[in-house]
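Colleague: Residue numbers (our numbering): 3 to 248. By construction, the Cβ of each residue, glycine as well, lies at the ideal position given by its N, Cα and C atoms.
1) Going along the chain, which residues of its own chain have a beta-carbon closer than 7 angstroms to the beta-carbon of residue 124, five neighbours each way excluded?
2) Using CA coordinates, which residue listed in 55, 210, 28 is at the minimum distance from residue 140?
3) Leaving aside the five residues before and after residue 198 along the sequence, list all residues of the same chain whose C-beta is less than 7 angstroms from its C-beta, in chain order.
4) Using only the alpha-carbon positions, how far apart do residue 127 and residue 134 sit?
5) Determine whether the beta carbon atoms of residue 171 and residue 205 lie at a separation below 9 angstroms.
6) In three-state terms, what does DSSP make of residue 27?
7) If I'm right that residue 178 touches residue 102 with Cβ under 8 angstroms, what's the distance once you round it to whole angstroms?
8) Is the Cβ-Cβ distance between residue 212 and residue 168 less than 9 angstroms?
9) Quick one: is residue 17 buried, meaning 16 or more other Cβ sit within 10 Å of its Cβ, or exposed?
10) Using 10 angstroms around the beta-carbon of residue 208, count the other beta-carbons present and answer buried if the total reaches 16, otherwise exposed.
11) Hey, would you say residue 136 sits closer than 9 angstroms to residue 106, going by beta carbons?
12) Can you tell me whether residue 34 is buried or exposed? The criterion is at least 16 other CB atoms within 10 Å of its CB, across all chains shown.
13) Just verifying my parser: in three-state terms, what is the DSSP assignment at residue 215?
14) List the endpoints of the continuous alpha helix (DSSP H) containing residue 204.
15) Is the CB-CB distance between residue 132 and residue 214 below 9 angstroms?
16) Please report the residue range of the beta strand (DSSP E) in which residue 189 lies.
17) Return the CA-CA distance between residue 165 and residue 109, expressed in angstroms with no decimal places.
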């Protein structure tokens, strides 16, 4: 990774160079590519959007144009499936409730307003749609300071803990879970299950994946404003007296 540009580069450019050109960056890229690719199980007519593609990671390439879209803030590249779209991640040009799957790939760490991006993703997701977030982990005690020193010193970078991210998603009425961590020493994907030790390793990994599912809006039928209460009146038997709910 070229370091001579220093802080003249945007922090996302620094990360993209590390992700693309260095040995640990390529290791993380392989782990995340496998995670995304194995999770892409589209059925007929589903729409998938990947927001952010550092290092040109593109697990959506296997799907036809029209069912998948890569959104990037970088320069346009020659057209190839999936279709590429240049737009701001907090102003996605899709209708509300129009997308089945959204993948945020290392976008939130470099945004001054990550909550706006999450809110925009929630807006475009269909009910029961899924949001997958890949992010660097500030709780990692070893790899990040060694691998990306310039990035961590940059004032515009704000790493987000898994618990904080899940709290934001729950505030948007999304069901969330920490799915996996990505470790570089050794290089492996750590599923968030099993013993307490295994789950602790996930929370200390170099990067992590969180999945959120948009809850289906349930229509609650309005009850009748009238309630019938039986009363007994001497000599008349049982009658129904209606009370209006004020």
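Modeller: So, from the listed chains and residues:
1) 174, 176, 216
2) 210
3) none
4) 12 angstroms
5) no
6) helix
7) Between residue 102 and residue 178 the Cβ distance is about 17 angstroms, and since that is not below 8 angstroms, they are no contact.
8) yes
9) buried
10) buried
11) yes
12) buried
13) strand
14) 198 to 205
15) yes
16) 189 to 193
17) 17 angstroms
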